[in-house]
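A.B. asks:
Numbering (the working numbering), first residue to last: 23 to 300.
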């Protein structure tokens, strides 16, 4: 065999060996979201009894005083009231976009003209995260995703063929019956969240937001989610949150010493990357 043929044969053999290795790498799915109309998170604490009902079997809740990077609102409660140090932190986030790209399909149209009705077109995406560790996770801090939801039934339908469990919820965004406040109504199962209020006039330049969590696929495999958001504007919020319902989520929210509705973000885009754990 000539040297040239030997090199070609070796190259083909190495390529054949490399293909199975590459196939073993976890594949990532990326959902894209554009024209952010608004977004915010509700931060709260969950006691041990309710945590056990919200968590999957064998998952371990993390104490608030042991979670690195705890938000300022929850941290002030934990530091000022020692009886809540052992409670589990949780976040419920909601973002409304004009355009959603789910499972390779774009939902929503082009940016509407600047008019008073421009913000009526859009769909929301949200998630419920609990500070807990799955049995197979390491020793670091982690979030478990207990709900990934959307107001778009078409997005839920597109996700049915994949690994992700995407729940359809009902929500409405408009004006409160009296006064000039906004009213956001979100229904997750038998939990209803009713928020009346408005963003403050003062604003700051937006920035990057990143959240990571794990959740189980439809077949029981562990998935790793990475949520990134690049907002254009950040504002404070003034208002009141009412929680109605009698399911486990509603009871956990009602029992929390704090239900902090955090920063209100607008403009920009987001991305959700979903990868199967090796």
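Beta carbons are placed, not taken as given, at the ideal position from N, Cα and C, and that holds for glycine.
1. Hey, residue 195 and residue 203: beta-carbon distance below 9 Å or not?
2. Roughly how many angstroms separate the alpha carbons of residue 141 and residue 105, rounded to a whole number?
3. Which runs of the alpha helix (DSSP H) fall wholly inside the region 213–285 and span at least 4 residues, in chain order?
4. Using a 10 Å radius around the Cβ and a threshold of 16 neighbouring Cβ atoms, would you call residue 241 buried or exposed?
5. How far does the alpha helix (DSSP H) with residue 178 in it extend, from its first residue to its last?
6. What three-state label does DSSP hand residue 193 in the structure shown?
7. Go ahead and pull the three-state DSSP assignment for residue 96.
8. Let me know if residue 231 comes out buried or exposed under the rule of 16 or more other beta-carbons within 10 Å of its beta-carbon.
9. For the ligand PLP, is there any heavy atom lying closer than 8 Å to the beta carbon of residue 149?
10. Is the region 270–283 in contact with the region 95–103, if contact means three or more CB pairs nearer than 8 Å?
11. On the DSSP letters alone, give me the boundaries of the alpha helix (DSSP H) that residue 166 sits inside.
12. For residue 297, name the three-state secondary structure that DSSP assigns.
13. With a cut-off of 8 Å, do at least 3 Cβ pairs link the region 175–184 to the region 203–217?
14. Return the residue from the list 249, 67 and 226 that minimises the CA-CA distance to residue 92.
15. Can you tell me whether residue 74 is helix, strand or coil according to DSSP?
C.D. replies: With the structure as the only source:
1. Within the chain shown, the letter at position 173 stands for residue 195. Within the chain shown, the letter at position 181 stands for residue 203. For the pair residue 195 and residue 203, the CB atoms are not nearer than the 9 Å cut-off.
2. For the purposes of this step, residue 141 is taken as the residue at position 119 of the chain shown. For the purposes of this step, residue 105 is taken as the residue at position 83 of the chain shown. Bear in mind that a pLDDT of 49 at residue 141, under 50, signals an unreliable position, so the model cannot answer this.
3. With a minimum length of 4 residues, the continuous alpha helix (DSSP H) runs that stay inside the region 213–285 are 270–277.
4. As a position in the chain shown, residue 241 is number 219, starting the count at 1. Only exposed fits residue 241, as fewer than 16 other CB atoms lie within 10 angstroms of its CB.
5. By 1-based counting over the chain shown, the position of residue 178 is 156. In the DSSP annotation of this structure, the continuous segment of the alpha helix (DSSP H) that includes residue 178 starts and ends at 175–181.
6. For the purposes of this step, residue 193 is identified with residue 171 of the chain shown, where counting begins at 1. Here residue 193 sits in strand by DSSP.
7. Taking the first residue of the chain shown as position 1, residue 96 is located at position 74. Looking at residue 96 - three-state DSSP - the assignment turns out to be helix.
8. Numbered from its first residue, the chain shown carries residue 231 at position 209. Residue 231 is buried by the Cβ-count criterion.
9. For the ligand PLP, the structure offers nothing, since it holds no ligand at all.
10. Enough Cβ pairs lie closer than 8 Å, so yes.
11. Against the chain shown, residue 166 aligns to sequence position 144. No alpha helix (DSSP H) holds residue 166; the beta strand (DSSP E) holding it covers 165–172.
12. The residue you call residue 297 lines up with position 275 of the chain shown. Residue state, collapsed to three classes: strand.
13. Result no; under three Cβ-Cβ pairs closer than 8 Å.
14. Within the chain shown, numbered from 1, the residue matching residue 92 stands at position 70. Per the Cα distances, 67.
15. Position 52 of the chain shown, counted from the first residue, corresponds to residue 74. The DSSP-derived three-state label of residue 74 is helix.
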